[in-house]
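Take 5 as the starting number for the sequence shown in the working numbering and just add one per residue. Heads up, the beta-carbon is just placed ideally off N, CA and C, and yes, glycines get one too. See structure below.
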Amino acid sequence: MEVDPKTPKSLSLPWRTRMYLSLISVITEIVSRRDGTPNRYLLKLLQCRVPPMSEPNNGVKTYDVVMDPTSKIWFRVFVPTEEGTVEDMPVIVFFHGGGFVYLGANVTVYDVLCRWFARSVPAIVVSLDYRLAPEHRYPVQHNDCFDMLNFIDDDKNRSKWLPDSANISQCFLVGDSAGGNIAHHVAQRACEYNFNQLKVIGVVAIQPLFGGEERTDSEKELERLPLVSLKQCDWYWNALMPPGEGYNRDHPIINVSGPNAMDISKIAFPPTIVVVARFDALRDWQKRYYEWLKKSGKEAYLVEYPNMCHGFYVFPELPESEQVVSQIKQFIHKVCSHTN
Ligand SMILES: *[C@@H]1O[C@H](CO)[C@@H](O)[C@H](O)[C@H]1NC(C)=O
Ligand SMILES: *[C@@H]1O[C@H](CO)[C@@H](O)[C@H](O)[C@H]1NC(C)=O
Ligand SMILES: *[C@@H]1O[C@H](CO)[C@@H](O)[C@H](O)[C@H]1NC(C)=O
Ligand SMILES: *[C@@H]1O[C@H](CO)[C@@H](O)[C@H](O)[C@H]1NC(C)=O
5 MEVDPKTPKS LSLPWRTRMY LSLISVITEI VSRRDGTPNR YLLKLLQCRV PPMSEPNNGV
65 KTYDVVMDPT SKIWFRVFVP TEEGTVEDMP VIVFFHGGGF VYLGANVTVY DVLCRWFARS
125 VPAIVVSLDY RLAPEHRYPV QHNDCFDMLN FIDDDKNRSK WLPDSANISQ CFLVGDSAGG
185 NIAHHVAQRA CEYNFNQLKV IGVVAIQPLF GGEERTDSEK ELERLPLVSL KQCDWYWNAL
245 MPPGEGYNRD HPIINVSGPN AMDISKIAFP PTIVVVARFD ALRDWQKRYY EWLKKSGKEA
305 YLVEYPNMCH GFYVFPELPE SEQVVSQIKQ FIHKVCSHTN
């Protein structure tokens, strides 16, 4: 485990951020019942959600699209409206985090983050409200996300639901935490699929949720840090994976670069940026993921935040949250300029 000598020994954050983090951790503990089910009723009362806004807010308007009337799966579209906005924009397909169990596309923090991406890149952002575990087990989440790519690749659906400025041959799959896991696996599948027009040209994995049976140094060291304690992660994997099917943590969905990993050296896996933070228990798994991409001959970038913890980008008061948005923007611009 290499640690930059300048790296602080402990996490120091503004008191307001610390307070929010403790609050979120306590809520997560309370709603994650011991029998492996979430308390959705209590969660509903505690979680802030926002409706779509047809009036531009912070230079972006939003609307919701129901993708499948039967399952009622929907996504939110974020369209930059500021003057001078280009006629041809990349499309960011965003998958939210929450351990496959919590949160959604209309949760305020994700609405804010997607708005931010849309305005600053600028890009058309589509954020999917995929179905959650344990009510729906793996591979429902990954399938919903893949189905959305198919949905927007359909000419009729795209012209009906996305603005003309959305260029789906410049698609980026972006996800944080569990959404980062989904972004990787969906991109892998997209490489072996023939879309009409859609092309996944980049992946942004923000602190992706991967794991294994083995306890890594960062997991042992940072066990007591907010949001992704070992216990909580184990709870998430148990909620995600179908019971009674004898899966173990070497399943390629979990231990992405482990012994059962897919050989991605043979597929055209797109350029990928992996965002990690020093005080994130999942750090070692994320670094292994990055190293595996490199070893497989893929274009990959690692961005490390020496003083941050899991989920820091949802706190606009931290300068690092602005920095990460700007780094992702640079990555997107770079990849787009190569494909033009
Ligand atoms: C957010 O989405 C959920 C479904 O995922 C829905 O039940 C809820 O009404 C929505 N809330 C807002 C404010 O849009
Ligand atoms: C396009 O939209 C229609 C109506 O919502 C849906 O039935 C169809 O499956 C969609 N096409 C794809 C490829 O998802
Ligand atoms: C997961 O993969 C790593 C290699 O990245 C390996 O060392 C480890 O033993 C694997 N299995 C588990 C269950 O952690
Ligand atoms: C969309 O992106 C592709 C790939 O970069 C580019 O060749 C094409 O010209 C773009 N389409 C439009 C309408 O600008």
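Across the structure, PRO320 and ILE28 are spaced so that their CA atoms are roughly 16 Å apart.
In this chain, SER36 is not harboured by any beta strand (DSSP E), its DSSP state being neither H nor E. For GLU308, the uninterrupted beta strand (DSSP E) run begins and ends at 304–313, by DSSP. Here DSSP, grouped into helix, strand and coil, assigns ALA127 to coil.
Apart from sequence neighbours up to five positions away, the residues of its chain that approach ARG292 with a beta-carbon distance below 7 Å are SER261, ordered along the chain.
Between the segment 262–269 and the segment 117–130, the count of Cβ pairs shorter than 8 Å is below three; the stretches do not touch.
Taking C-beta separations shorter than 8 Å and ignoring five residues to either side along the sequence, the partners of ASP254 in its chain run GLY216, GLU217, GLY262, PRO263 and ASN264, following chain order. Per DSSP, ILE257 lies in no beta strand (DSSP E) segment and is marked neither H nor E.
THR343 has its CB nearer than 8 Å to a heavy atom of ligand 4. Check the Cα spacing between LEU136 and each of GLN290, PRO42 and ILE277: the tightest is with PRO42.
Ordered by chain, the residues meeting the criterion of a beta-carbon within less than 7 Å of a non-hydrogen atom of ligand 2 are MET71, ASP72, PRO73, ASP151, ASN154, PHE155, ASP157, ASP158, LYS160 and ASN161. The beta carbons of THR66 and GLN174 sit about 21 Å from each other, so the pair does not count as a contact at 8 Å. Remark: C-beta atoms of VAL178 and VAL97 approach each other more closely than 9 Å.
Sequence-distant partners of GLU308 (beyond 5 residues in either direction) whose C-beta falls short of 6 Å from its own C-beta, in its chain, are VAL280. When the Cα atoms are used, GLY101 and GLU87 turn out to be separated by approximately 32 Å. Here PHE79 carries a strand assignment [DSSP, helix/strand/coil]. Under DSSP, PRO18 takes part in no beta bridge, so it has no partner.
Distance from the Cα of SER181 is smallest, within the candidate group GLY301, PRO167, ALA209 and ILE172, for ALA209. By alpha-carbon distance to PRO60, the top candidate from VAL81, GLN51 and GLY40 is VAL81.
Given a length threshold of 4 residues, each whole run of the alpha helix (DSSP H) inside the segment 206–283 is given here in chain order: 221–225 and 234–244.
Within 8 Å of the C-beta of ASN171 there is at least one heavy atom belonging to ligand 4. Residues lining ligand 1 by the Cβ criterion, that is a Cβ closer than 6 Å to any of its heavy atoms, are ARG53, VAL54, PRO55, GLY108, ASN110 and ASP133 in chain order. Look at CYS237: its beta carbon is at least 8 Å from all of the heavy atoms in ligand 4. Here DSSP, grouped into helix, strand and coil, assigns SER29 to helix. Per DSSP, reduced to three states, the secondary structure at CYS175 is strand.
Shown here, MET57 sits in coil according to DSSP, grouped into three states, outside any helix or strand.
Around VAL113, the same chain offers VAL318 as residues with beta carbons nearer than 6 Å, after the five sequence neighbours per side are excluded.
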